[in-house]
Structure formats: C-alpha cells, structure tokens
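Visitor: This is the structure I want to talk about, given as structure tokens.
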Amino acid sequence: MAALPIPLSRPSLSSAEKDRVMMVLDRGRLAMGPETAAFEAAMRDACGTEHAVAVSSGTAALHLIVRALGIQPGAEVITTPYSFVASANALLFEGIKPVFVDVEPDAFNISVDAARGAITDRTQAILAVDVFGVPADWIGLERLATDHDLLLIDDACEALGAAVGNRQIGAWGEAAAFGFYPNKQITTGEGGCITTNDADLAATCRSMRNQGRATDAVMQHVRLGYNYRIDEMSAALGVAQLSRRGELEASRARAANRYTELLDEALGSTGDRALRTPHRPDNATRSWFVYVVELANRFTRTERDEVIKQMARRDIECAPYFPAIHLQPFYQAEFGFRRGDFPVCEAASDRTLALPLFSEITDAQVDRVATELVEVLNMVARKVEN
C-alpha cells in the first residue's frame, strides 16, 4: 500500500477545542464576549505582559500597532526583506516607507549593524521579525533604538513561546504582534493578538479594532477604526490551544530535534555537506514554527525548486520559505528594488525550504521525510556535478 501524503503543516485539534467552541455556540454570544477576554488573559500570561488585545489576524495586529504608535506618513521604518510580506505591508497601509536592510546569515534575522547604517533623520522605528521562531537580537535592537530615540516593534507572528533570557517574546519593544494561522504553534483558525506593557497603546488598539469606538460608550466613534475584531469561536479555540501549549510545543521540538539528528547522521559534518539544519541560538530559546533547511552554496534556486518538486512526487509537501519581499513583483514595481540589493537575504531566499512540521507528525513520518530528502539531494547534487 502506498504511503500516505505528508502535509507541510496541520493543526492539532482535540476534544478540548471542540468542547470549547461548542460552548460558545450553545451560549449564543459570537463576538466580543467572555472567550475574547479569556484568550487575552491567557496571552498576557504566556508573554508576561500587562496587556493583550485579540484581533482578527497577525496583519491586523501589526497594522494597529503601527497606527497606534503615531508613525507619520512618509516616515521611514527599518525592517527586514526576509519575512512574510505582511510585515512590510503593514507599513504601507499607513503610507510609511519600509527601509529594508540585510539579514544575519545564520538566523536570517535583521542585522543590527545593517539597521544602524540605515538610520536617517526620517527614521522613526525599527520593525524586527523573529524569523521562523528564532528571536531577533532584541538586546542589540533595544540598545540601538534607545541610542537613536526610535520606536521598536516586534513581528512575533512566528515566535510564540520563544524567549531571550527570562524575557518572553511578546514583551520586547513597544508592542508585539502574533498571528495564529493554522500552521502556527497554536491556532485560532484566523486570528492575532497584540501584547504590550503600554496601557495607552493597548486602549487605542482596542478602540481601533472595533471601528474606533470609545471603550466606555456605545456607538460613539472617537477615531478612525477598523473591523479587526476576533470572533468568539476563534478566541475559544485559542483558549483551548493555549491550555495545550506545552504539549504542542514539545511535540514540535521533538520532531525538529529528530530531523536534525537524522540529517546530521546522514550528511555528516564536513564543510561540503548538502544542507545546513536550522539555527539554534546560544543566548535565546527558539520556538518551532517551521523546520527550514538551507541548501549549500553550490545549489541555486533552480536546484532548490527541483528538490521541492521531487519531494512532492514522493507525496511530501515542502515549500520555499521565504521569498524575498523586495523581489516580489509589487515591491519591485513600487520601489524599484532589484536582485543584488540584499545579497544575504537573497541567498537565503534562493536556497531555503521548509520540511513538514506539525505537532502530530510521527517519528515514522519524520524518518521518511529525512530519508527521501537525502535521496533527492544526492540525485540533484549529481546533476549539478555533471
């Protein structure tokens, strides 16, 4: 019998999630109710912050943070080109210019030195991303922002559960944005959350997510707002998922460790090995959003894409993570970016791919992915050599 396909991701849903969502349906209040409040309380506890504001997506969370901070149209915000496109789009929503800088070659996070070199008199903030669940250099970024009187924003959409020292991701900068799409460490289906220790920022975001309403009055709109509310079913799903967070995170970490052991054993530790396994920071705790490997320098984007294609033929879903934002057609047309602008980002974008990773992936599935990947890499390497 043929082996079953292995998807790139899949949410883990138990009876706890189903029971919590059914409780909402039985109660009949489907928006802005007790589940939203409970989810926010759980996020405050998870991140160690004073405030959490649940919203409809991670993109909505970023947008509200940017707007609440009062960054003016035409201002510059330094950010990374190696991310999901939403991290830069949130700036464009407010007419802000994203100033991309290159990334670190190991962690793929924004380079503090490159950010320092990009500061001008128009710079108002730095928006960093915890790429793949690896914390950015928050100590260095915080020092840089303080030295230049800049705002600091964390796109933590991939990093729930990560930390730098004893300080959780979600508690750095002015505020952090989380997203809970079904491929994340926990899911609400669609949904997001803002975490912050700034009471005024939290209050402004609460108002703006609800069409700009005053918090103490009905149908009084005191500012421009949006329909960025999370619904009660999604919030209930999030409450149940957060109650299982330890279990879900441990399962992903166990699978990631198994991948690394298998690939290191199969490929050895020589300098010419075919790929590099994911970065593990020395001074921080990463969270496993995805398991992304980087092919060796001798491979190009063409070979990376061939690896993905050959894995698909074996019923194993892999994906390119991440396409460079500045080389997306819209950004090239709008800003004139071109290949060569950010070489470290581009090299990573050309050679990285995500392997299947989800909380319920089995050891047998991990073994199969690793075995097939090594076989495909050897096949593609032979073609390169010839």
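Quick note on numbering: the sequence shown equals residues -13 to 372 in the working numbering.
For every residue, glycine included, the Cβ atom is placed at its ideal position computed from N, Cα and C.
No experiment lies behind these values; they were computed from the predicted model shown.
(1) Would you tell me roughly how many angstroms separate the C-alpha atoms of A114 and R354, rounded to the nearest one?
(2) Give the range of the alpha helix (DSSP H) segment to which T181 is assigned.
(3) Using only alpha-carbon positions, find the residue among L228, N283, D31 that is nearest to R337.
(4) Which ranges does the beta strand (DSSP E) cover as unbroken runs of at least 3 residues, wholly within the stretch 52 to 113, from first to last along the chain?
(5) Measuring straight from C-alpha to C-alpha, what distance separates V360 and E251?
(6) Leaving aside the five residues before and after N169 along the sequence, list all residues of the same chain whose C-beta is less than 6 Å from its C-beta, in chain order.
(7) Starting from T201, trace the alpha helix (DSSP H) in both directions and tell me its first and last residue.
(8) Mind the definition here: the stretch 165 to 183 touches the stretch 23 to 42 only if three or more C-beta pairs lie below 8 Å; say whether that holds.
(9) Roughly how many angstroms separate the alpha carbons of L223 and T106, rounded to a whole number?
(10) Taking R272 as the reference, give the member of V7, T357, D116 with the closest Cα.
(11) For the beta strand (DSSP E) that contains L339, what are its first and last residues?
(12) Could you work out which residue in Y245, A74, A200 is closest to L313 when comparing CA atoms only?
(13) Residues in the same chain with beta-carbon distance under 7 Å from V330, minus the five sequence neighbours each way, listed in chain order, please.
(14) Give, in chain order, every unbroken run of the beta strand (DSSP E) that is at least 3 residues long and sits entirely within the stretch 307 to 341.
(15) Can you tell me whether DSSP reads H49 as helix, strand or coil?
(16) Would the beta-carbon of A334 fall within 8 Å of that of F94?
(17) Comparing C-alpha positions only, which one of L48, S229, R192, D217 sits nearest to L78?
(18) Taking all protein chains shown into account, do 16 or more other C-beta atoms lie within 10 angstroms of the C-beta of P315, making it buried, or fewer, making it exposed?
(19) Name the DSSP beta bridge partners of G165, please?
(20) Count the other CB atoms within 10 Å of the CB of P59; is the residue buried (16 or more) or exposed (fewer)?
(21) Please classify L16 as buried or exposed, where buried requires at least 16 other C-beta atoms within 10 Å of its C-beta.
(22) The alpha helix (DSSP H) with E361 in it runs from where to where?
(23) Check whether the stretch 17 to 24 touches the stretch 203 to 220, counting contact only when three or more Cβ pairs, one atom from each stretch, lie closer than 8 Å.
(24) Who are the Cβ neighbours of E3 in its own chain at under 6 Å, not counting the five residues just before and after it?
(25) DSSP on R230, reduced to helix/strand/coil?
(26) Considering just the uninterrupted stretch of the alpha helix (DSSP H) at V117, what are its terminal residues?
(27) For S0, which residues of its own chain have a beta-carbon under 8 Å away from its beta-carbon, when the five flanking residues on both sides are left out?
(28) For the alpha helix (DSSP H) that W289 lies in, which residues bound it at each end?
(29) Report the rounded CA-to-CA distance for S42 versus N364, giving the unit in angstroms.
(30) Skipping 5 residues on each side, what residues in its chain have a beta carbon closer than 8 Å to that of P267?
(31) N243 by DSSP, collapsed to three states: which one?
(32) Between V293 and V352, is the Cβ-Cβ spacing less than 8 Å?
(33) Considering only DSSP beta bridges, list what I139 is partnered with.
(34) Could you spell out where the alpha helix (DSSP H) holding A23 opens and where it closes?
(35) On the criterion of 16 or more Cβ atoms from any shown chain inside 10 Å, does R368 qualify as buried, or is it exposed?
(36) With C-beta atoms as the reference, is A142 less than 8 Å away from I112?
Guide: With the structure as the only source:
(1) Going by C-alpha positions, A114 is about 35 Å away from R354.
(2) Segment 178 to 182 is the beta strand (DSSP E) holding T181; no alpha helix (DSSP H) there.
(3) Closest by C-alpha distance to R337, out of L228, N283, D31, is N283.
(4) Runs of beta strand (DSSP E) with 3 or more residues, each lying fully within the stretch 52 to 113, are found at 62 to 65, 83 to 86, listed in chain order.
(5) Spanning the two alpha carbons is a distance of roughly 11 Å.
(6) Excluding positions up to five away in sequence, the list reads S(-5).
(7) First-last for T201: undefined, no H or E at that position.
(8) By the Cβ rule, the stretch 165 to 183 counts as touching the stretch 23 to 42, because three or more pairs are nearer than 8 Å.
(9) Rounded to whole angstroms, the gap between the alpha carbons of L223 and T106 is 44 Å.
(10) Relative to the Cα of R272, the nearest Cα in the group V7, T357, D116 belongs to D116.
(11) It spans 338 to 341 - the beta strand (DSSP E) in which L339 sits, taken as one unbroken run.
(12) Comparing Cα-Cα distances from L313 to each of Y245, A74, A200, the minimum goes to A74.
(13) Here V330 has D88, V89, P91 as same chain residues with Cβ atoms under 7 Å from its own Cβ, once five neighbours each way along the sequence are excluded.
(14) The qualifying runs are 338 to 341.
(15) Helix at H49.
(16) Annotated as proximal: A334 and F94, with beta-carbon spacing under 8 Å.
(17) Considering only alpha carbons, the answer is L48.
(18) P315 comes out exposed.
(19) Answer by DSSP bridge pairing, in chain order: G178.
(20) It is exposed - the Cβ of P59 has fewer than 16 other Cβ atoms within 10 Å.
(21) L16 is exposed by the Cβ-count criterion.
(22) Run containing E361: 349 to 371, per the alpha helix (DSSP H) assignment.
(23) Judged by Cβ distances under 8 Å, the stretch 17 to 24 makes contact with the stretch 203 to 220, as three or more pairs qualify.
(24) Within the same chain, L223, A226 come within 6 Å of E3 by CB-CB distance, once the 5 residues on both sides are set aside.
(25) In the three-state reduction of the DSSP assignment, R230 falls in the coil class, being assigned neither a helical nor a strand state.
(26) Going by DSSP, V117 is part of no alpha helix (DSSP H) at all; its letter is neither H nor E.
(27) Around S0: A226, R230.
(28) Checking the sequence shown, residue 289 turns out to be Glu, not Trp. For E289, the enclosing alpha helix (DSSP H) starts and ends at 287 to 299.
(29) Taken atom to atom, the span from the alpha-carbon of S42 to that of N364 is near 44 Å.
(30) By the criterion of a C-beta distance shorter than 8 Å, P267 is surrounded in its chain by A93, V120, P121, once the five residues flanking it on both sides are discounted.
(31) N243: helix per DSSP, three-state reduction.
(32) Cβ distance not < 8 Å, so V293 and V352 don't count as in contact.
(33) I139 pairs with L113, A161.
(34) Taken as a continuous stretch (DSSP letters only), the alpha helix (DSSP H) holding A23 covers 20 to 33.
(35) So R368 counts as exposed.
(36) Using a Cβ distance threshold of 8 Å, A142 and I112 do not count as a contacting pair.
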